[in-house]
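Contents: one structure, followed by commentary.
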Ligand SMILES: [Zn+2]
Ligand SMILES: [Zn+2]
């Protein structure tokens with residue numbers, strides 16, 4: 119199955135500020151679900167109208183979760199998701215959808231929630247069975263030979279333990295995206 123090529127979100131300085139304000143646990147959730155750089159589908163509703171609905175129509179259980187994420191949580195469908203966490207860390211060789219060989223596919227249902235946020239029924243979104251999928255939006259190929267793993271080439275084994283400085287300098291490129299230290303920041307591309 120060929121990956122869909124769809125535009126990637128160009129994160130602005132303001133976007134990075136929102137991302138770096140995100141509590142660590144929610145940031146991991148956002149990375150895992152591809153909503154660190156989501157791209158909204160065209161909508162007849164303006165962003166201001168959407169904000170009004172969230173403020174005046176949504177109940178507290180929805181807003182409580184939504185506001186913990188840099189660009190909200192409940193408002194993104196599968197096909198609006200952005201770049202996978204490995205590609206965000208410049209590890210296109212292990213792009214999530216390269217490894218999986220397929221996109222994430224939406225179940226096609228959504229919950230109907232009561233005023234307490236409890237799911238009380240299932241809403242069938244696409245009764246015709248149309249697929250709503252998340253293909254990582256990074257332009258890297260998802261099939262064929264994997265791009266080279268970035269980072270410096272392996273060094274000759276040294277008799278002495280290597281000095282601390284080069285190892286520390288190489289670490290950000292070699293490590294897959296992991297939890298940053300408390301108070302640390304994610305090594306997102308272009309981050310100021
Ligand atoms: Zn990639
Ligand atoms: Zn990817």
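Residue numbers (the working numbering): 119 to 310.
Ideal Cβ placement from N, Cα and C applies to all residues, glycine included.
Between residue 126 and residue 200, the gap from beta carbon to beta carbon is short of 8 Å. In the displayed model, residue 170 falls within a helix according to three-state DSSP.
For residue 181, the enclosing alpha helix (DSSP H) covers residues 178–184. In the three-state DSSP reduction, residue 266 falls in the coil class, being neither helix nor strand.
For the 8 Å CB-CB criterion, residue 258 and residue 197 do not form a contact. Listed in chain order, the non-local C-beta contacts of residue 184 below 6 Å within the same chain comprise 190, 191, 192, local neighbours out to five positions each way being set aside.
Of the candidates 144, 146, 182, the residue whose Cα lies closest to the Cα of residue 234 is 182. Residue 213 has its CB nearer than 7 Å to a heavy atom of ligand 1. If you draw a straight line from the Cα of residue 241 to the Cα of residue 225, it comes to about 11 Å. The beta carbon of residue 186 lies closer than 8 Å to those of 140, 141, 144 in the same chain, with the five residues before and after it left out. Checking the 7 Å criterion, the Cβ of residue 250 is out of range of every heavy atom belonging to ligand 1. Taken in chain order, the unbroken stretches of beta strand (DSSP E) that lie wholly in the region 191–272 and span 3 residues or more are 227–231, 237–242. Contact annotation: residue 195 and residue 250 have beta-carbon atoms nearer than 8 Å. A Cβ-Cβ separation of about 5 Å places residue 265 in contact with residue 210 under the 8 Å criterion.
Judged by DSSP in its simplified three-state form, residue 152 adopts coil rather than helix or strand. Contact check for residue 223 against residue 232 fails: the beta carbons are separated by 8 Å or more. For residue 121, there is no enclosing alpha helix (DSSP H), as DSSP marks it with neither H nor E. Out of 212, 172, 136, the CA that lies nearest to the CA of residue 267 is found in 212. Per DSSP, reduced to three states, the secondary structure at residue 145 is helical.
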